[in-house]
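Note sheet for the following structure.
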Amino acid sequence: ERPIVVRHVAQLRAKIEPTDAIVIAGGHVAVLLNRLRLFGIAELAGPRPIIAWSAGAMALTDRVVLFHEDPPHGQAISEVLECGLGLAHDLVVLPEPRLRLHLDDPTRVSELAQRYAPATSVALDHGAQIWVKDGKAVRGVNAQRLDPSGSVEAGWSS
-1 ERPIVVRHVA QLRAKIEPTD AIVIAGGHVA VLLNRLRLFG IAELAGPRPI IAWSAGAMAL
59 TDRVVLFHED PPHGQAISEV LECGLGLAHD LVVLPEPRLR LHLDDPTRVS ELAQRYAPAT
119 SVALDHGAQI WVKDGKAVRG VNAQRLDPSG SVEAGWSS
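Reading the sequence shown from the start, the letters are residues -1 to 156 in the numbering used here.
Here it is, written out as structure tokens:
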């Protein structure tokens, strides 16, 4: 490890130690994921709950999926960017669906859900929550679970 990274990890550990939870906001998901790995945030968090939204929530999953059904140019094909931190298994987080998805189109919902099955694809709008226990999504509050049949299930529990 580079000495500067070791120093920053020690500083982060000291800041995190007295906390009850970790909060990870959004941003550029590739840069965010890179920094979370670089500083070992998953390890530093330990047993603390992690509260994350947007790109922060995407980074916690097994794989980070980029998506947009109306891109400014090119085709509307979702793709896996890379592996996430793997703290939330079998889950694909799709933030800001109002801007990026056509949840009223059963064909598009079905295609997206099938593409990442058996993982569960969940549209995460503002204020939505996904509760994860032992690495598994157990409940969604105002979160929309995309079903391979093309339906969208709002608010769910496993």
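Every residue, glycine too, gets a C-beta built ideally from N, C-alpha and C. None of the values given here were measured: they were computed from a predicted structure.
Answer yes or no: does any C-beta atom of chain C fall closer than 8 Å to that of residue i?
i   : result
G24 : In the structure shown, chain C does not exist; there is a single protein chain.
Taking just the CA atoms, how far does residue j sit from residue i?
i     : j    : result
A152  : R137 : 11 Å
E(-1) : A50  : 27 Å
L10   : L42  : 8 Å
P116  : A57  : 19 Å
H100  : V78  : 19 Å
Q112  : E94  : 20 Å
Q127  : S52  : 11 Å
L36   : V3   : 8 Å
L144  : L89  : 11 Å
Could you give the first and the last residue of the continuous alpha helix (DSSP H) run that contains residue i?
i   : result
R11 : P1 to I14
L42 : I39 to A43
For residue i versus residue j, is the C-beta spacing smaller than 8 Å?
i    : j   : result
A135 : A74 : no
L110 : V91 : no
G82  : R61 : yes
V107 : V63 : no
R46  : I20 : yes
Tell me residue i's beta-bridge partners as DSSP assigns them.
i    : result
V139 : Q127
R106 : In DSSP, R106 forms no bridge with anything.
I49  : V21
V27  : The partner list for V27 (beta bridge, DSSP) is empty, contrary to what the question assumes.
If you drop the 5 nearest sequence neighbours on each side, which residues of the same chain put their C-beta closer than 7 Å to that of residue i?
i    : result
G172 : What the structure shows of the chain is the stretch from -1 to 156, and residue 172 is not part of that stretch, so it cannot be assessed.
A28  : L79
D18  : R46
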